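Trainee: Residue numbers (numbering that gives the first Met the number 0), protein chains in the order written: chain A, 0 to 322; chain B, 0 to 322; chain C, 0 to 372; chain D, 0 to 372.
All residues carry an ideal CB built from backbone N, CA and C; glycine is no exception.
All values derive from a computational prediction rather than experimental measurement.
Just passing along the structure, written as structure tokens.
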Amino acid sequence: MTVTMAAALNTALRDAMREDDSVVIYGEDVGTLGGVFRITDGLQAEFGAERCFDSPVSESGIVGTAVGMALYGLRPVVEMQFDGFSYPALDQVISHVAKYRNRTRGRVGLPMTIRMPYGGGIGAVEHHSESPEAYYSHTAGLTVVSPGTPGDAYSLLRSALAHPDPVVFLEPKRRYWMKEEVELPVSGEPIGRALVRRAGATATLIAYGPMVATALEAAEAAVAEGWDVEVIDVRTLTPLDLDTLAASATKTGRAVVVHEAPRFAGYGAEIAAALTERVFGHLAAPVLRVTGFDLPYPPAKIEHHFLPGVDRILDAVARALEY
Amino acid sequence: MTVTMAAALNTALRDAMREDDSVVIYGEDVGTLGGVFRITDGLQAEFGAERCFDSPVSESGIVGTAVGMALYGLRPVVEMQFDGFSYPALDQVISHVAKYRNRTRGRVGLPMTIRMPYGGGIGAVEHHSESPEAYYSHTAGLTVVSPGTPGDAYSLLRSALAHPDPVVFLEPKRRYWMKEEVELPVSGEPIGRALVRRAGATATLIAYGPMVATALEAAEAAVAEGWDVEVIDVRTLTPLDLDTLAASATKTGRAVVVHEAPRFAGYGAEIAAALTERVFGHLAAPVLRVTGFDLPYPPAKIEHHFLPGVDRILDAVARALEY
Amino acid sequence: MSVTTGRAAPSGAAGESSRINATWQEVAADGGLAAPAHHDLALDHTQLRSLYRLMALSRRVDRQAINLTRQGALGVFASSQGQEAAQVGAVFALDDEDWLFPSYRDSVATFARGVDIVEVLALFQGSWHCGFDPYRYRVAPQTTPVATQALHATGLAMAARMRGDPIVALTLFGEGAASEGDAHEAMNMAGVYQAPVVFLVQNNQYAISVPVSRQTRTESIALRAPGCGMPGVRVDGNDVLSVYGAVRAAVDRARAGGGPTLVEAVTYRLEAHTTADDETRYRNADEVATWRANDPVQRFAQTLRDLGVLDDALTAEVEAEGEELAARMRDSLFGAPAGDPREMFEHVYATPTPALNEQRALLDGELSAEGDA
Amino acid sequence: MSVTTGRAAPSGAAGESSRINATWQEVAADGGLAAPAHHDLALDHTQLRSLYRLMALSRRVDRQAINLTRQGALGVFASSQGQEAAQVGAVFALDDEDWLFPSYRDSVATFARGVDIVEVLALFQGSWHCGFDPYRYRVAPQTTPVATQALHATGLAMAARMRGDPIVALTLFGEGAASEGDAHEAMNMAGVYQAPVVFLVQNNQYAISVPVSRQTRTESIALRAPGCGMPGVRVDGNDVLSVYGAVRAAVDRARAGGGPTLVEAVTYRLEAHTTADDETRYRNADEVATWRANDPVQRFAQTLRDLGVLDDALTAEVEAEGEELAARMRDSLFGAPAGDPREMFEHVYATPTPALNEQRALLDGELSAEGDA
Ligand SMILES: Cc1ncc(C[n+]2csc(CCOP(=O)(O)OP(=O)(O)O)c2C)c(N)n1
Ligand SMILES: Cc1ncc(C[n+]2csc(CCOP(=O)(O)OP(=O)(O)O)c2C)c(N)n1
Ligand SMILES: [Mg+2]
Ligand SMILES: [Mg+2]
């Protein structure tokens with residue numbers, strides 16, 4: 000069947016709720032409305048307002064109460080309505096969600112999932128197009144996941160909901176309407192594994208979330224240049240599957256990391272640094288980064304100049320090849 | 000005269016308040032008590048409770064009201080009592096402090112300073128030994144500074160208070176009692192400039208804040224191994240002075256970045272990635288990182304096993320030299 | 000043509016005001032909502048007409064903004080319809096030197112404060128996050144993360160008080176926003192520092208799809224005032240004179256050194272949350288119709304007609320002005336060229352960093368390649 | 000030797016209770032602090048003696064913790080002295096299946112709940128962040144970032160209610176913590192979901208050096224209750240019976256489905272903020288002396304003596320038990336070996352990541368080199 004990423008996510012939540020009655024979903028507008036992107040559509044109708052309900056406008060409250068729920072043995076799945084509104088909850092995330100298992104010497108794990116739409120490209124107003132993955136990825140104790148395709152959206156979200164530890168689940172909002180032929184339920188590679196989405200020999204493109212599709216597009220366009228580009232979908236930002244990245248970079252000798260977030264101290268820096276340390280001897284060029292600029296997300300009318308696109312990616316591949 | 004870093008910071012605040020009556024200081028316990036580390040000691044007595052005052056326990060409130068004060072034309076200098084208690088203010092920092100100038104097309108700049116003691120090594124309980132620099136450094140619109148010596152603590156804090164944009168000023172708390180012979184007032188290199196603290200030819204150590212002293216110690220110890228190690232003090236984390244780092248790495252061909260924060264997606268990744276991109280052809284080894292481990296800051300009794308020390312740094316230098 | 004700042008006359012203005020009544024409920028210092036009390040307003044006929052003009056024009060520009068969004072000139076719009084009394088009435092209570100801290104919902108308040116409507120709408124057009132100069136109008140950018148601006152207002156008020164300047168900050172936010180920690184921290188700090196700030200909560204019954212009954216269990220948001228040591232007031236948010244009166248009393252008290260006030264204006268959002276929202280999923284037409292019958296613009300017009308202050312001539316004059324405004328909105332917002340994308344590098348810092356300059360050069364190259372440069 | 004959980008007798012217990020009086024002030028639903036009201040307590044003499052024992056032992060272990068800190072066995076300690084009535088009285092109102100969410104200040108509450116005092120003190124010893132198993136005692140880790148645990152308590156209470164389990168969560172925090180956004184969000188959400196949670200604010204007059212008068216302008220933290228739609232209570236926090244009574248009433252209401260309650264216990268911290276604090280910088284000895292005269296442990300002892308419930312034999316018995324406890328604290332905490340540093344890698348995730356395994360190998364190597372392995 001053909002499914003959109005939004006539908007895949009919705010199905011994943013529904014299937015998990017059917018299988019495990021400790022899964023509860025809440026957040027702003029997730030109940031009656033089914034979420035501003037309709038990811039929780041129909042869940043309240045099927046499972047009742049006890050298991051899928053609206054919360055006050057209170058992000059720290061949502062995440063902080065989820066800690067207590069998980070402590071009691073439930074599996075809360077909470078939604079931050081937008082990336083830019085996840086920040087009021089950062090203290091609860093950094094100080095508690097990430098640290099509880101460690102604090103209690105492993106006695107209390109928190110099996111909870113924090114979902115949020117993230118990234119730009121939908122013409123939204125300020126604070127609705129943020130890419131906060133660097134903050135979460137740097138926070139030890141969190142598992143950070145971002146799917147690049149509908150099938151992965153399903154399987155990774157199911158994995159997240161079954162995970163023994165807290166998962167920050169970053170949904171690339173501009174890919175909500177992306178379609179794929181896939182039979183649900185699908186169980187893909189587990190959390191912690193990157194995937195080669197397109198095999199190639201000339202250079203490696205490394206992307207995740209919204210940029211997977213763009214990287215694949217760039218790889219197709221590169222064929223015209225005579226380049227055979229490998230594309231890796233990172234899938235799990237923490238912990239990073241460095242083995243898969245290293246195998247590719249060893250083969251191609253050239254790697255370019257792509258993300259929407261600003262470059263400086265962004266997630267791509269980790270990939271570049273760790274990969275270089277691992278395969279330095281095999282690199283013909285430094286690992287390059289194609290990213291958003293080091294500035295607050297720009298207004299909608301000019302956002303396409305901010306976002307990495309096929310041309311900017313191909314320019315970087317060319318630079319890597321020229322080394 | 001011999002000054003501690005704590006005294007240098009205190010003097011910087013006092014001198015700035017004498018020169019500019021728009022400088023106001025507030026935060027938890029900064030007034031009557033003079034701060035839990037006494038950095039604001041005596042300021043309320045000299046300048047009155049109008050210009051140096053206590054706030055409720057309300058970090059988001061402290062930073063958010065500082066935005067309004069700066070908007071009105073004052074130069075608020077607020078203290079987060081500890082690194083781990085700066086997180087409740089992250090939303091105000093990311094959503095407003097960093098973005099206001101850009102949001103208003105340059106019409107409203109926010110000349111404010113957010114000071115906080117950070118880092119470990121003082122035997123404190125949980126949440127008192129965090130190194131949050133990656134969060135701040137990744138946030139476009141912020142200027143992030145961390146001094147490594149008493150003299151720099153003075154001059155960088157004066158520069159921060161005079162800066163037209165918001166500065167996150169990270170004070171390496173375990174160096175508060177570090178001494179230096181320096182005449183105050185001293186005006187050092189400006190914000191945005193890194194410094195070669197020790198010249199050398201074999202390898203480059205890159206450090207900031209609390210690790211500058213440790214890196215210098217390691218460089219001294221390295222003499223016994225026959226290594227002549229150059230030590231660079233980054234000083235300004237955002238914007239990074241890549242020129243100074245690149246010049247050194249070009250010369251030595253080997254660089255090791257040192258910080259206390261966990262490695263994964265940490266600030267050191269940016270230095271490694273950016274430096275490698277700039278001087279790839281000159282590097283004899285990948286840029287290595289000596290950092291805290293990827294875990295929540297450990298309990299006091301074992302923290303010295305977490306913190307990078309001279310031996311761990313020298314091991315990394317040896318690895319770089321063996322390449 | 001620009002709309003001038005609506006503000007109250009100096010106290011002691013012309014005498015026809017005594018017939019005008021405003022009503023609100025006060026929360027006692029130790030809590031408890033008192034019975035509604037009546038107050039005489041010091042507003043003369045000229046002021047009442049100004050107020051009418053602002054209300055009617057507000058409705059017109061809001062309707063036009065929705066149209067323009069449907070037609071693609073704006074990306075999205077958050078309507079103020081139904082809340083004109085709360086927004087315009089509150090802003091009318093400010094003096095020129097005072098400051099306004101509005102949210103995304105408060106375009107009409109921003110307009111009533113005197114900001115050019117085209118500049119107001121830059122936010123929704125997507126041309127820039129804030130289209131006006133805050134210092135020119137003493138209006139902060141319309142804030143998207145809810146409740147956060149309440150702290151900015153408090154901070155500005157603290158600063159003004161420190162400087163000895165007799166100004167007041169007014170901040171507007173919703174009953175949903177009032178659930179956020181920042182709302183509490185702002186009110187608590189304002190109490191401690193006796194900051195001259197007025198917190199106006201527009202309780203419009205919904206936070207997107209969530210009704211106030213699931214937002215909070217309190218009977219009234221105004222009951223939060225005693226917990227922060229300030230006066231609280233609950234007012235009919237669809238009665239512009241009562242809103243004006245309650246906010247004006249709070250502004251006067253703040254200016255006189257009496258500290259902050261929390262005002263809850265009970266009102267209703269007549270349109271969907273934004274143009275992107277489907278309100279039929281969470282509320283029924285009957286409910287909307289009931290509130291529509293309590294339309295604050297029509298209600299005020301009727302009051303003024305009853306008082307003999309509004310006649311057909313004025314109605315027609317304001318209507319014509321509204322059409323002019325609407326036409327100018329269309330002309331300015333339609334097909335407006337996107338700004339130069341290179342501007343994104345200009346305002347990050349007072350001086351661009353080396354990294355930004357490099358990145359700008361990259362974009363320059365791309366624009367040249369596209370032939371745009 | 001371990002201290003058993005202090006808890007109230009099932010209702011309907013022995014009858015000598017009718018002579019015992021407790022007093023508190025209620026906040027009306029719409030606000031307003033009522034006059035103090037008297038209530039009869041259902042506590043028999045056995046329970047009163049248990050309560051006395053917990054109070055006296057609490058004081059003893061707290062004093063010993065301060066000594067041990069001065070002697071270097073603990074890194075720092077936050078004393079509960081002066082607040083024993085608030086902490087022990089509140090915990091005594093819990094049933095076995097209930098949960099406690101304490102802060103760094105509440106070591107005595109944690110102890111009174113039955114957690115081994117040596118395990119309690121791991122936090123201050125620096126051997127681990129939380130030294131006990133939360134599931135064993137139904138006590139969450141003592142939380143350092145103020146007010147954050149109020150949300151955990153609310154969430155647990157929501158979960159229990161969803162599951163239909165008749166349990167109640169009690170969370171303790173200070174009047175300073177009550178300024179944080181999280182305190183408000185917790186109370187507001189608890190109101191919305193009618194979560195069976197009791198918020199006990201220990202208003203001990205100071206947040207480190209900042210007096211409550213500069214923390215908030217409200218007359219009473221309890222006045223925050225109506226703003227979140229819950230009952231509020233103000234109680235003399237140095238009167239253990241009144242605290243017990245007020246919290247027990249709140250716990251009973253919560254368990255019966257009546258939702259959350261906010262209780263403000265007015266008390267005083269007799270020692271410095273922590274052993275690292277210099278209280279002479281912000282308060283004078285006279286003030287401390289006045290409150291010392293109102294010592295909750297002595298006061299309760301006197302009440303019990305007046306009631307004929309406490310005699311010299313019991314005093315001596317409890318004193319002996321206290322000395323035993325103090326000795327065990329000294330023996331266990333002094334010269335305790337630091338744990339294996341490799342444990343830091345074990346609890347980050349259920350399964351360590353490849354990166355953690357690599358980092359662990361690095362540390363292994365270092366420890367071998369040091370000859371520690
Ligand atoms: C911090 C934050 N969280 C979430 C949102 C998303 N959001 C936008 S409007 C809204 C509802 C706000 O309701 P209310 O405060 O009552 O204002 P209204 O829209 O009714 O005027 C929400 C949740 C936001 N803008 N900011
Ligand atoms: C979020 C947060 N901010 C700041 C601190 C630092 N701090 C520790 S205790 C304290 C005062 C708290 O006062 P109160 O809540 O009244 O509790 P008390 O210590 O009086 O029991 C502060 C500010 C903290 N622990 N957590
Ligand atoms: Mg609303
Ligand atoms: Mg206190």
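1. Go through its chain and collect everything with a Cβ distance to Arg173(B)'s Cβ below 8 angstroms, but skip five positions before and after it.
2. Any idea what DSSP makes of Glu318(D), helix, strand or coil?
3. Any beta carbon from chain D within less than 8 angstroms of Pro131(A)'s own beta carbon?
4. Who are the near neighbours of Gln80(C) in its chain, counting only those whose CB is closer than 6 angstroms to its CB and skipping five residues on each side?
5. Label Gly180(C) either buried or exposed according to how many other C-beta atoms from any shown protein chain fall within 10 Å of its C-beta, with 16 as the threshold for buried.
6. When you compare the CB positions of Ala260(B) and Glu58(B), do they come within less than 8 angstroms of one another, or not?
7. Measure the C-alpha to C-alpha separation of Pro295(D) and Ile19(D) and round it to an integer number of angstroms.
8. Residues of chain A with CB under 7 angstroms from Gly180(D), in chain order?
9. Say whether chain B places a C-beta atom closer than 8 angstroms to the C-beta of Thr153(D).
10. Name, please, each residue of chain D whose Cβ falls closer than 9 angstroms to the Cβ of Glu218(C).
11. Could you tell me whether any Cβ in chain D is nearer than 8 angstroms to the Cβ of Glu263(C)?
12. At the level of alpha carbons, what is the spacing between Phe198(C) and Val119(C)?
13. Trp23(C) and Gly244(C) - do their beta-carbons sit closer together than 8 angstroms?
14. Would you verify that the beta carbon of Arg213(C) is, or is not, closer than 8 angstroms to some beta carbon of chain D?
15. Can you give the beta carbon distance from Gly236(D) to Thr279(D), rounded, assuming they're within the 8 angstroms contact cut?
16. Please report the straight-line C-alpha distance between Ala372(D) and Phe344(D), rounded to a whole angstrom.
17. So, are the CB atoms of Val278(B) and Ala315(B) less than 8 angstroms apart?
18. Write down every uninterrupted run of the beta strand (DSSP E) in the region 174-256 of chain B whose length is 3 residues or greater and which is fully enclosed by it, in chain order.
19. Could you check whether the Cβ of His128(D) sits closer than 8 angstroms to any Cβ belonging to chain B?
20. Can you give me the C-alpha to C-alpha distance between Thr10(A) and Arg157(A), rounded to a whole angstrom?
21. Collect the residues with a C-beta less than 6 angstroms away from any heavy atom of ligand 4 and give them in sequence order along the chain.
22. Excluding the 5 residues flanking Val62(B) on each side, which residues of the same chain have their C-beta closer than 7 angstroms to its C-beta?
23. Give the DSSP-derived three-state secondary structure of His38(D) in the structure shown.
24. So that I know if they touch, is there some Cβ in chain D lying closer than 8 angstroms to that of Leu120(C)?
25. By Cβ distance, which residues of its chain are closer than 7 angstroms to Gly364(D), with the 5 residues on each side in sequence left out?
26. Return the first residue and the last residue of the alpha helix (DSSP H) that Tyr99(A) is part of.
27. For Thr235(B), is the beta carbon positioned less than 7 angstroms from some heavy atom of ligand 1?
28. Tell me whether Gln43(B) sits in a helix, a strand or coil according to DSSP, three-state version.
29. Kindly list the residues whose CB is nearer than 7 angstroms to the CB of Trp176(B), restricted to its own chain and excluding five residues on each side of it in sequence; keep chain order.
30. Rounded to the nearest angstrom, what separates Asp82(B) and Tyr135(A) at their Cα positions?
31. Answer yes or no: does any C-beta atom of chain B fall closer than 8 angstroms to that of Glu322(C)?
32. Restricting to runs no shorter than 4 residues, where is the alpha helix (DSSP H) found entirely within the region 125-209 of chain C?
33. So, is the C-beta of Asn187(C) closer than 8 angstroms to a C-beta in chain E?
34. Rounded to a whole number of angstroms, what is the C-alpha to C-alpha distance between Gly71(C) and Leu324(C)?
35. Could you spell out the range, first to last residue, of the alpha helix (DSSP H) harbouring Asp363(C)?
36. Measuring only the C-alpha atoms, how far is Val317(D) from Leu215(B)?
Mentor: Taking the structure as given:
1. Gly118, Gly119, Gly120, Ile121, Pro209
2. Look at Glu318(D) here: in three-state DSSP terms it is helix.
3. no
4. Asp61, Leu269, Glu270
5. buried
6. no
7. 17 angstroms
8. Those are Ser59, listed as they occur along chain A.
9. No, Thr153(D) does not count as interfacial toward chain B.
10. Ala28, Asp29, Pro225, Gly228
11. no
12. 22 angstroms
13. With contacts defined by Cβ atoms closer than 8 angstroms, Gly244(C) and Trp23(C) form a contacting pair.
14. yes
15. Not quite, the Cβ-Cβ distance comes to about 24 angstroms (not below 8 angstroms), so this is no contact.
16. Note that Ala372(D) has pLDDT 44, beneath the 50 cutoff, so the model's placement of it is unreliable and the number below is only indicative. For Ala372(D) and Phe344(D), the distance between alpha carbons rounds to 16 angstroms.
17. no
18. 178-180, 194-197, 202-206, 228-232, 235-237
19. yes
20. 10 angstroms
21. Gly173(D), Glu174(D), Gly175(D), Asn203(D), Tyr205(D), Ala206(D)
22. Sequence-distant partners of Val62(B) (beyond 5 residues in either direction) whose C-beta falls short of 7 angstroms from its own C-beta, in its chain, are Val77, Ala88, Gln91, Val92, Val96, Ile113.
23. strand
24. no
25. none
26. 99-102
27. no
28. helix
29. Thr3, Ala5
30. 17 angstroms
31. Proximity of Glu322(C) to chain B, defined by a Cβ-Cβ separation below 8 angstroms, is not satisfied.
32. 133-136, 147-162, 180-192
33. Included in the structure are the protein chains A, B, C and D, with no chain E among them.
34. 18 angstroms
35. 353-369
36. Looking at the backbone, the Cα of Val317(D) and that of Leu215(B) are separated by about 57 angstroms.
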